[in-house]
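S.K.: 0 is the number of the first residue of the sequence shown in numbering that gives the first Met the number 0; add one for each residue after it. A virtual CB, placed ideally from N, CA and C, is assigned to each residue, including glycine. Keep in mind it's a predicted model, so treat the numbers as computed, not measured.
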Amino acid sequence: MQTPQALSAQSGICDLLARLLLSEPDAELAQLVGTEAVAGILEACEPGTISWVRDFRAGSRVFEDARRDYAALFLSPGTVSPRAGQWLADDDAASRSAAEAIRTALRRLALAPANTGAWGELPPDHVALLLAAAAHGLRSPRSDAQHAADELLLAFFDPYAAKLGRELHAHASTPLYRATGALIGELAAERVG
Numbered sequence: 000m001q002t003p004q005a006l007s008a009q010s011g012i013c014d015l016l017a018r019l020l021l022s023e024p025d026a027e028l029a030q031l032v033g034t035e036a037v038a039g040i041l042e043a044c045e046p047g048t049i050s051w052v053r054d055f056r057a058g059s060r061v062f063e064d065a066r067r068d069y070a071a072l073f074l075s076p077g078t079v080s081p082r083a084g085q086w087l088a089d090d091d092a093a094s095r096s097a098a099e100a101i102r103t104a105l106r107r108l109a110l111a112p113a114n115t116g117a118w119g120e121l122p123p124d125h126v127a128l129l130l131a132a133a134a135h136g137l138r139s140p141r142s143d144a145q146h147a148a149d150e151l152l153l154a155f156f157d158p159y160a161a162k163l164g165r166e167l168h169a170h171a172s173t174p175l176y177r178a179t180g181a182l183i184g185e186l187a188a189e190r191v192g
């Protein structure tokens, strides 16, 4: 069993990654990324990110670059899929089966975040939804919720997380998403190790 401090740290990283992967950058994300704590985490993952983050605000050139990068990475076919089913399965039928298993797990565990805004538009196997649900469970004072969140990550994130992180880092054109890929890799290594 992990310590409360380890669970809290892992929950915070899951929350951050969920927000980075949720949708194209917006003013709220720019504000979050601009905080000293988040900028420091991203810099530790991808040196040079902190100087880029200083200019990351709505309407700036780097903000628009990040929006284009997100679209190219996650919304264009054949790039980095944010869908767990596509990483866990080799064909469409297996991918749909994985998505259904995730939907069932989220419902059974009652770990889903609010079903509003962009969250309500996500498919059940979107990595942002998985990470947000896991963060919710890891933050819980209830050990059964913490265990359920860990099991969710074990079954539907850990098997492909390192590869997702490497692919994201390799294909990203902005420091924000290269750092996101590196952070996914670090979380994967921490969970496996």
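Terminal residues of the continuous alpha helix (DSSP H) containing Q177?
M.R.: Inspection of the sequence shows that residue 177 is occupied by Arg rather than by Gln. That run of the alpha helix (DSSP H) goes P174 to V191.
S.K.: To which residues of the same chain is P25 closer than 8 Å at the C-beta, ignoring the five residues directly before and after it?
M.R.: Note that residue 25 is Asp in the sequence shown, not Pro. These residues qualify, in order along the chain: A57.
S.K.: Taking the beta carbon of A169 as the centre, do at least 16 other beta carbons fall within 10 Å, making it buried, or is it exposed?
M.R.: So A169 counts as exposed.
S.K.: Taking all protein chains shown into account, do 16 or more other C-beta atoms lie within 10 angstroms of the C-beta of E45, making it buried, or fewer, making it exposed?
M.R.: buried
S.K.: Looking only at C-alpha atoms, which of V32, R53, S7 and A8 sits nearest to R18?
M.R.: The option with the nearest alpha carbon to R18 is V32.
S.K.: Flag this pair as yes or no: are the beta carbons of H125 and P81 separated by less than 8 Å?
M.R.: yes
S.K.: Does the Cβ-Cβ distance between A171 and G164 come in under 8 Å?
M.R.: no
S.K.: Could you pull out every residue in the same chain whose Cβ sits closer than 7 Å to the Cβ of Q145, ignoring the five residues on either side in sequence?
M.R.: L6, G136, L137 and S139
S.K.: Quick one: what's got a C-beta closer than 8 Å to Y69's C-beta in the same chain, skipping five residues either side?
M.R.: S22, E23, P24 and Y176
S.K.: Would F62 pass as a contact of A29 if the rule is Cβ separation under 8 Å?
M.R.: yes
S.K.: Give the DSSP-derived three-state secondary structure of A169 in the structure shown.
M.R.: helix
S.K.: Once DSSP output is grouped into helix, strand and coil, what is the label at R138?
M.R.: helix
S.K.: Quick check on R102: does DSSP put it in helix, strand or coil?
M.R.: helix
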